[in-house]
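Number of protein chains: 2
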Amino acid sequence: MGVKGNAIVAQSGGMTAAINATLAGVYETAAGSADIGKVFGALHGIEGIINNNLVEMNLTADEVERLKTTPGGYLGSCRYKLPDPVSGKDVYDKILNTLKDNDIRYFFYIGGNDSMDTANKVSTYLREHGHEILAVGLPKTIDNDLPITDHTPGFGSAAKYIATTCSEIYLDVKSFDIPYVTIVEIMGRNAGWLTAAAALVRERYDSPDLIYLPEVPFDLEQFFVDLAKVREHKPAAIVVISEGIMTKEGQYFAELAGDLTSDNFGHKNLGGSASLLASHVKERLGCKVRAIEFSLLQRCAGHLVSATDINESFAIGKAGVSAALSGKSGIMMTYQCEREPVYKMTIGHCALSDVANIERKIPREWINKEGNFPTKECNDYIRPLIQGEIHPVTKNGVPDYLYLEK
Amino acid sequence: MGVKGNAIVAQSGGMTAAINATLAGVYETAAGSADIGKVFGALHGIEGIINNNLVEMNLTADEVERLKTTPGGYLGSCRYKLPDPVSGKDVYDKILNTLKDNDIRYFFYIGGNDSMDTANKVSTYLREHGHEILAVGLPKTIDNDLPITDHTPGFGSAAKYIATTCSEIYLDVKSFDIPYVTIVEIMGRNAGWLTAAAALVRERYDSPDLIYLPEVPFDLEQFFVDLAKVREHKPAAIVVISEGIMTKEGQYFAELAGDLTSDNFGHKNLGGSASLLASHVKERLGCKVRAIEFSLLQRCAGHLVSATDINESFAIGKAGVSAALSGKSGIMMTYQCEREPVYKMTIGHCALSDVANIERKIPREWINKEGNFPTKECNDYIRPLIQGEIHPVTKNGVPDYLYLEK
């Protein structure tokens, strides 16, 4: 309580359309605090701290507003895996030096699962080495796979993108009265939250027909049985799959096409599940087939964000700074939500160590018995998170996002 | 002049986000005319007329508004190729019967290149067989490859989607300070108009780096030379290609991966150029590579339309009906534009036969000498067409588009 010094904020892991809203929240509260002097941004996550590659942030109120819907990481991101504190002591000492040299007493790390692990390790090491610092983790991931928090900042906007785009694909595809199978592939390595957002489309349109999630083993033969049932009464079927659908042997379906590369955390680079499935459909049914991979678009569509998500992501950034200012450390901020009688979110927190490297998946009972569609309970959970629109300012017809020139 | 009877309207070919704006315009003027009784919609283009599969249209003012930004073909589309009038006499007689039986004196066909050919053939046959009908073609194609008209309805919205999305991809990709090549694939079989829209991004952001169009032969070795130059000063390169890039021998690049299927008009089904090019890059450079195909998304994004495009598409529908009401027939409505001192569009028309099956491409002088980027002249041509935003009404967070239940 009452610690005076500078603050540092960094962004890490895969991008979301709301990650800069959290940064904007951190900045606004930190810059407005009498206890915090300068607000530094570390460029490219923890790498910026290791390499003392910082910028001092000075944003106008208008820039803070524009930052809220700017996709990508304003400060840049990384996928750097921190070594073990013993074998990698030199790395931790570099971090310690950067923070000491810049008189940093507040450390805010915006990231996903792996990032909470990084924040946790740094926080522990610094405490053990006598540099008093208040470290707060701010969640972020379109995958919504963090435990404890009701949902993650960034998920609602990606889910809105998916629900909107799947509605539009339906209207395009249904224009043609021909045998036609469309397969849409959505991100989410081991958790199907994002893919499940496509089920919201069905509350308004007669689509999609089938949704396959990583939580239920994917069986190609059963898929063809399911698809045949759909095609009995409509010529054009739309199938939505997670990039991470797996066989019952636990192998990624995408892997059946060949070996996959991995990132620094050992996560396999997926993508290609839809085109592999499309080639099976083409071969077996011979009809028109189209594979559509949402790829980066679902996580960077600043023009199609959920207002709920942006406002909450901004609020959690502000709350994270307030918590640190009140002396809290080693925590990750969380959302605590009620959905009845109306949706209501309050911000809480948990220990960083409670969240590191734990993945939360969709409960099996939120997926139908056949394993090919989420249930109403799942929709009820996701629906409030995609509500509301915020449109970015445009200039010459293109969004006028705020970004840091190199 | 002064012909009384019913009207029919149909939609054909690939969809656009503005095709229903033209339908809304046709409907509004036709429904409001004292000379026109009922307004019929033919389901699935000319097939609906052949099979007498019609709906009578009765829309409220609110529905007309919602229809304007609804993607897909409200009435459905087709890719049916009309036979020769001699060998396919029975088909033409069915068309004649449908139009006679329903007392149709006004025929509006919203479509692309192939559709103008269809409208032209029908119009000629009917005239020769004594059923007086006023036939007006209304252009539509995201490809912008029709001659005579300054641009085509639907192009501006797709171009806006591309410029917006390419901006967002840039912000996502630049977050990572690693060697990284992103290849974006855009529709446009033989004309690069849509792909060229990505150049507008560069007026605001330092991206994309290279743009390859079907108008210039694509050489893989030269591509690697171009790419190496880009990568000298930035780690993450973004390359935008048309699905229809071709070798100097006139073969589609996509074809190098294997045989392509064709549609009823003999057009090859492209797509896959980016993933083929990505595999070359991966093999040769070994860095992180991502292929992104915009696929249907670029033509059905009703949530991201150009207000200019929607308003013009609506206006051309209205003007087409007015022209028919004044006795004109056998024509396609066109846009005639001035860009200096300010952009100004007026609606004109040309003979249907002048436009059928002619493709308009980007002039070579609107592409730089190296053949890897459009010039400022090309930007100046496209820029006015992506201006302005119209946001669809949403319901529960998802666009509340107007569509015809089957």
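Respectively, the protein sequence lines represent chains A and B.
Going by my numbering, the letters in the first sequence line up with residues 1 to 406, in that order.
Going by my numbering, the letters in the second sequence line up with residues 407 to 812, in that order.
All residues carry an ideal CB built from backbone N, CA and C; glycine is no exception.
It should be emphasised that the depicted structure is a prediction, and the values quoted were computed from it without experimental measurement.
Taking residue i as the query, report the chain B residues whose CB atoms sit under 7 Å from its CB, ordered along the chain.
i, result
"Y403 of chain A", "L577"
"T165 of chain A", "L703"
"M15 of chain A", "D578, S581"
"S77 of chain A", "S581, F582"
"K376 of chain A", "Near K376 of chain A there are no residues of chain B at all, since even the closest Cβ is about 13 Å away, more than 7 Å."
"R189 of chain A", "What R189 of chain A touches in chain B: nothing, since even the nearest Cβ is about 16 Å away."
Consult DSSP for residue i and reduce its assignment to one of helix, strand or coil.
i, result
"A697 of chain B", "strand"
"E649 of chain B", "coil"
"N113 of chain A", "helix"
"E591 of chain B", "strand"
"A707 of chain B", "coil"
"T428 of chain B", "helix"
"N459 of chain B", "coil"
"T334 of chain A", "strand"
"F582 of chain B", "strand"
"Y212 of chain A", "strand"
"Y512 of chain B", "strand"
"V542 of chain B", "strand"
"S493 of chain B", "coil"
"C166 of chain A", "helix"
"K376 of chain A", "helix"
"E389 of chain A", "strand"
"S529 of chain B", "helix"
"I46 of chain A", "helix"
"S681 of chain B", "helix"
"F659 of chain B", "helix"
"T601 of chain B", "helix"
Can you list, in chain order, the residues of its chain whose CB lies under 6 Å from that of residue i, leaving out five sequence neighbours each side?
i, result
"A31 of chain A", "V39"
"L277 of chain A", "I183"
"V3 of chain A", "R105"
"K750 of chain B", "E744"
Report the neighbours of residue i on chain B: residues whose CB is nearer than 9 Å to its CB, in chain order.
i, result
"Q387 of chain A", "T800, N802, G803"
"T185 of chain A", "Looking at the sequence provided, one finds Glu at residue 185 of chain A rather than Thr. Neighbours of E185 of chain A on chain B: none; closest Cβ ~11 Å, over 9 Å."
"D340 of chain A", "Sequence inspection shows Glu at residue 340 of chain A; the Asp mentioned does not correspond to that position. None at all; the shortest Cβ gap to chain B is about 16 Å."
Just the chain A side, please: which residues come within less than 7 Å of residue i by C-beta, in chain order?
i, result
"H797 of chain B", "E389, H391"
"H450 of chain B", "D177"
"I501 of chain B", "Under the 7 Å cutoff, chain A gives no residues; its nearest Cβ is about 18 Å from I501 of chain B."
"C706 of chain B", "E168, I169, L171, D172"
Give the residues of chain A in contact with residue i, contact being defined as C-beta atoms less than 8 Å apart.
i, result
"G447 of chain B", "The premise fails here: G447 of chain B is roughly 13 Å from chain A at the closest Cβ pair, so nothing lies under 8 Å."
"I554 of chain B", "Per Cβ cutoff of 8 Å: no residues; I554 of chain B is ~25 Å from chain A at best."
Residues of chain B with CB closer than 8 Å to the CB of residue i, please, in chain order.
i, result
"L304 of chain A", "H709, L710"
Sorted by chain position, which residues of the same chain lie with C-beta nearer than 7 Å to residue i's C-beta, five sequence neighbours on each side aside?
i, result
"E534 of chain B", "none"
"H131 of chain A", "L96, L99, K100"
"F218 of chain A", "Y212, I245, M246, T247, F253"
"A257 of chain A", "G272, L276"
"F176 of chain A", "A236"
"G726 of chain B", "V432, F514, V542, L544, M739"
"Y498 of chain B", "P491, Y531"
"L710 of chain B", "K566, Y567, T570"
At a CB-CB cut-off below 9 Å, which residues of chain A make contact with residue i?
i, result
"R789 of chain B", "N396, G397"
"I548 of chain B", "Under the 9 Å cutoff, chain A gives no residues; its nearest Cβ is about 11 Å from I548 of chain B."
"I716 of chain B", "Ordered by position in chain A, no residue passes the 9 Å Cβ test against I716 of chain B, which lies about 13 Å from the chain."
Counting only the same chain and skipping the five closest in sequence on each side, list residues whose C-beta sits under 8 Å from that of residue i.
i, result
"K328 of chain A", "L134, V136, H349"
"L54 of chain A", "I8, F40, G41, A42, L43, G48, T98, N102"
Query raised in the report: According to a CB-to-CB cut-off of less than 8 Å, which residues of the region 53 to 74 of chain A neighbour chain B?
Result: T70, P71, G72, G73
**Report entry** Contact residues within the region 196 to 222 of chain A, judged by C-beta distance below 9 Å to chain B
**Finding:** L200, V201, E203, R204, Y205, D206
**Report entry** Touch test, the region 112 to 123 of chain A against the region 82 to 96 of chain A, Cβ-Cβ under 8 Å, three pairs minimum
**Finding:** Flag = yes, the region 112 to 123 of chain A and the region 82 to 96 of chain A touch.
Query - Residues of the region 559 to 570 of chain B with Cβ closer than 7 Å to any Cβ of chain A, in chain order - result: Within the region 559 to 570 of chain B, contact with chain A at the beta-carbon level (separation under 7 Å) is assigned to K566, A569, T570.
Query raised in the report: Taking one C-beta from the region 369 to 385 of chain A and one from the region 587 to 603 of chain B each time, how about it: are there three or more such pairs within less than 8 Å?
Result: no
Query - Cβ contact (3+ pairs, closer than 8 Å) linking the region 131 to 151 of chain A and the region 319 to 335 of chain A - result: yes
**Report entry** Three-pair Cβ contact test at 8 Å for the region 697 to 708 of chain B versus the region 379 to 397 of chain A
**Finding:** Result no; under three Cβ-Cβ pairs closer than 8 Å.
Query - Three CB pairs or more closer than 8 Å across the region 46 to 56 of chain A and the region 550 to 560 of chain B - result: no
**Report entry** Inter-stretch contact at 8 Å, needing at least 3 Cβ pairs: the region 62 to 77 of chain A / the region 389 to 398 of chain A
**Finding:** yes
Query - contact_flag[the region 305 to 320 of chain A, the region 9 to 26 of chain A] where n(CB pairs < 8 Å) is 3 or more - result: yes
Query raised in the report: Taking Cβ-Cβ distances below 8 Å as the criterion, which residues of the region 513 to 526 of chain B are in contact with chain A?
Result: none
Requested in this report: Please determine if the region 800 to 807 of chain B and the region 194 to 210 of chain A are in contact, where contact requires at least 3 C-beta pairs separated by less than 8 Å.
Outcome: These segments touch.
Report task. May I ask you to list, following chain order, the residues of the region 677 to 693 of chain B that have a beta carbon less than 7 Å from some beta carbon of chain A? Result -> Here the close residues number zero.
Requested in this report: Could you please tell me which residues of the region 346 to 372 of chain A, in chain order, have their CB closer than 9 Å to any CB of chain B?
Outcome: none
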